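Novice: In our numbering, the protein residues as written are 231 to 483. Glycine included, each C-beta is placed from N, C-alpha and C at the ideal position. Please read these numbers as outputs of a predicted model, since none were measured by experiment. Would you mind keeping the following structure in view while I ask a few things?
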Amino acid sequence: MEQPEDAYVNSPCEVKSEENELLATGILAGRYAQELVIRDPRGALSLEHYNRPVKIYLHSATCGGREYMGKVYISTNAFMRVKDIRLLTERERRGCFRLSISLPAAAYRAAEITRAESANRLRRLSYAERLRVEQQLAGGTLTEAELAARVPEPAPILPRGTQVRLLDLSAGGAQFRGKEAFRAQERLVLHLTLQDKPADLTCLVVRDSAACGDGKAFCTGCRFVEVTSAQNNLICTYLLREQSKQIRKSKRV
């Protein structure tokens, strides 16, 4: 079911040129007739000339993405009004919320995580039983410290992962480079840090990994699944911040 535009209010958005050059990032403030209003509380929107054709990319964790074409009507550093909006065709829907980056991460197969969790549950049950037996043999007189000294807690089993480097990131997925190849539809968990916060993002491999240009590593593309609202907000906040940096850098060159 198609979501109304009101459902996207306060969602992050990108403004791009017809050639997909990133012009600005902000928040959708509202829709009025055939116009979209985009705001940036930081007052960092770029100034665009009247009637310039632009693409607007909206993203919401609950509603998904939506892409429009329109023309600049009013442009200030605080807000932009885009008129004559229309939905983009499938061919025009490219590069939505995609950012070229170089970010370290770790990739884990979901099956490996499940196996490690199962093994650790069995270990905890076994450990609890050993504690009970030891306490019983001692007549129930042991303190927690004495009991721990007699029955050391086993170290947890960690899932096997591989270090990777993200090459690009979008609101819907990522591409990364690493020494290990993955099969299409494999379920992975990417562990990375965004905005100084740890994030574990579940994703599905889109297609079999392919050798990178130098032949020394594999490149893998994946799409995110089961993304929570908090994770989506974290990804979009990171993307908007980094894209704003790229815009400012390009204007200084």
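What residue ranges within the stretch 434-464 form continuous beta strand (DSSP E) runs of no fewer than 3 residues, ordered along the chain?
Specialist: 448-454
Novice: Give me the residue from ARG360, ASN462, LEU275 with the minimum Cα distance to MET310.
Specialist: Relative to MET310, the option among ARG360, ASN462, LEU275 whose CA is nearest is LEU275.
Novice: Excluding five sequence neighbours on each side, which residues of the same chain lie with their C-beta closer than 7 Å to the C-beta of LEU470?
Specialist: Here the set comprises PRO242, THR255.
Novice: Buried or exposed: LYS246, going by 16 or more other Cβ atoms within 10 Å of its Cβ?
Specialist: buried
Novice: Scan the stretch 371-399 and note each continuous alpha helix (DSSP H) run of 4 residues or more that stays entirely inside, going in chain order.
Specialist: 374-380
Novice: Is it buried or exposed for ASN281, if we count other Cβ within 10 angstroms and need 16 for buried?
Specialist: exposed
Novice: Would you list the one or two residues that DSSP bridges to HIS421?
Specialist: ALA336, ASP430
Novice: So LEU253 is in the beta strand (DSSP E); what residue range does that whole segment cover?
Specialist: 252-262
Novice: Can PHE448 and GLY408 be called in contact, C-beta distance under 8 Å?
Specialist: It is a contact, given that the beta carbons lie within the stated cut-off.
Novice: Going by DSSP, what residue range makes up the beta strand (DSSP E) through LYS285?
Specialist: 283-290
Novice: Between ALA336 and the rest of its own chain, which residues show a CB-CB distance below 8 Å, the 5 nearest in sequence each way excluded?
Specialist: Hits under 8 Å: GLY391, THR392, GLN393, VAL394, LEU420, HIS421, LEU422.
Novice: If GLN415 sits next to THR467, beta carbons under 8 Å apart, how far is it from one beta carbon to the other, in whole angstroms?
Specialist: No, GLN415 and THR467 are not in contact; Cβ-Cβ is about 29 Å, not under 8 Å.
Novice: Please report how far the alpha carbon of PHE412 lies from the alpha carbon of ARG437, in whole angstroms.
Specialist: 8 Å
Novice: Where LYS301 and ALA440 are concerned, what is the direct C-alpha to C-alpha distance, given to the nearest angstrom?
Specialist: 40 Å
Novice: Mark TYR262 as exposed unless 16 or more other C-beta atoms lie within 10 angstroms of its C-beta, in which case mark it buried.
Specialist: exposed
Novice: Figure out for me which residue from ALA460, GLU410, ALA358, SER400 has the closest Cα to the Cα of LYS427.
Specialist: Taking only the C-alpha atoms, the option nearest LYS427 is ALA460.
Novice: Would you say PRO389 lies against chain D (beta-carbon separation less than 8 Å)?
Specialist: Among the chains of the structure shown, chain D does not appear; only one protein chain is present.
Novice: Any idea what DSSP makes of ARG311, helix, strand or coil?
Specialist: strand
Novice: Only counting the same chain, and skipping five residues up and downstream in sequence, which positions put a Cβ closer than 7 Å to that of VAL483?
Specialist: For VAL483, the predicted structure reports a pLDDT of 47, less than 50, and the residue's modelled location is therefore unreliable. The matter cannot be settled from this model.
Novice: Suppose the cutoff is 6 Å on Cβ atoms and the five residues either side in sequence are ignored; what does the same chain contact list for ILE387 look like?
Specialist: Cβ contact annotation for ILE387 (same chain, cutoff 6 Å, sequence separation greater than five): ALA346, ALA349, ASN350, in chain order.
Novice: What do you reckon, is the C-beta of ARG345 under 7 Å from a heavy atom of the ligand NAP?
Specialist: Absent from the structure shown: the ligand NAP. Ligands present: none.
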